[in-house]
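Q: Using the numbering used here, the letters of the sequence shown correspond one by one to residues 52 to 202.
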Amino acid sequence: MAAGQLGVTSWLLRLITWDGVLPACIVFAPAGIELLFPNNRGAIELAAVLLPITAFWVRFSVGKRHIDTNHCGPAVRTFQLCVFCFGIFVLVFFDAAITLSHIMPQGALFSTSADILVWGIIGAIYVTSMAIAMYPGRSAKHDEEFWQDGG
Numbered sequence: 052m053a054a055g056q057l058g059v060t061s062w063l064l065r066l067i068t069w070d071g072v073l074p075a076c077i078v079f080a081p082a083g084i085e086l087l088f089p090n091n092r093g094a095i096e097l098a099a100v101l102l103p104i105t106a107f108w109v110r111f112s113v114g115k116r117h118i119d120t121n122h123c124g125p126a127v128r129t130f131q132l133c134v135f136c137f138g139i140f141v142l143v144f145f146d147a148a149i150t151l152s153h154i155m156p157q158g159a160l161f162s163t164s165a166d167i168l169v170w171g172i173i174g175a176i177y178v179t180s181m182a183i184a185m186y187p188g189r190s191a192k193h194d195e196e197f198w199q200d201g202g
């Protein structure tokens with residue numbers, strides 16, 4: 052498969068869109084909880100535990116499906132799955148912090164440059180992990196076209 056073309060567009064599209072709706076749900080769920088249960092700090096705290104765990108399993112099932120259908124060999128897929136699990140595990144902390152931010156004092160999440168650096172590192176780890184995990188491999192279809200066109 053080494054002779055096939057890499058679908059860079061497919062890779063970038065998969066990287067950007069694979070987890071599109073879930074982050075919006077994580078961001079807006081605490082506001083919905085606040086509407087349903089006003090002034091109930093415990094409901095937000097419970098959501099800060101349950102939402103990230105639920106999101107982890109949703110991401111895992113969708114991401115595993117992406118990895119299982121890519122054009123990589125079994126060893127690469129196993130590596131991708133490990134990197135993917137690490138990336139979404141890191142994201143659990145971000146999801147919990149975003150949920151808890153609804154009950155934190157204003158500016159508590161990004162109050163210092165050290166906070167911004169830590170969150171930037173977490174974001175970079177996540178994006179790098181997803182870039183590796185969502186790599187689609189070289190398509191067999193492209194391999195056939197490559198060899199039919201004379202290599």
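Note that CB positions come from ideal geometry on N, CA and C, so glycine has one too.
For residue 188, does the three-state DSSP call read helix, strand or coil?
A: In the structure shown, residue 188 sits in a strand (DSSP, three-state: E or B).
Q: Only counting the same chain, and skipping five residues up and downstream in sequence, which positions put a Cβ closer than 8 Å to that of residue 68?
A: Closer than 8 Å at Cβ, skipping near neighbours: no residue.
Q: Report yes or no: do the segment 97–112 and the segment 73–85 share at least 3 C-beta pairs separated by less than 8 Å?
A: Result yes; three or more Cβ-Cβ pairs closer than 8 Å.
Q: So, helix, strand or coil for residue 216, using DSSP?
A: Here the chain covers residues 52 to 202 and nothing more, so residue 216 does not appear.
Q: Count the C-beta pairs between the segment 120–139 and the segment 182–190 that are closer than 8 Å, then say yes if the count reaches three, no if not.
A: Contact holds: three or more Cβ-Cβ distances are below 8 Å.
Q: Please list, in chain order, all residues of the same chain as residue 98 whose beta carbon is under 8 Å from its beta carbon, the five residues on each side excluded.
A: Here the set comprises 80, 81, 84 and 150.
Q: Assign residue 166 to buried or exposed, taking buried as 16 or more other Cβ atoms, counted over all protein chains shown, within 10 Å of its Cβ.
A: With fewer than 16 Cβ atoms within 10 Å of its Cβ, residue 166 is classed as exposed.
Q: Threshold first: 4 residues or longer. Then list the alpha helix (DSSP H) segments lying entirely within the segment 87–149, N to C.
A: Here the runs fully enclosed are 92–119.
Q: Looking only at its chain, what residues have a beta carbon closer than 7 Å to the beta carbon of residue 145, apart from the 5 residues adjacent to it on each side?
A: Excluding sequence neighbours, residue 145 sits near 173.
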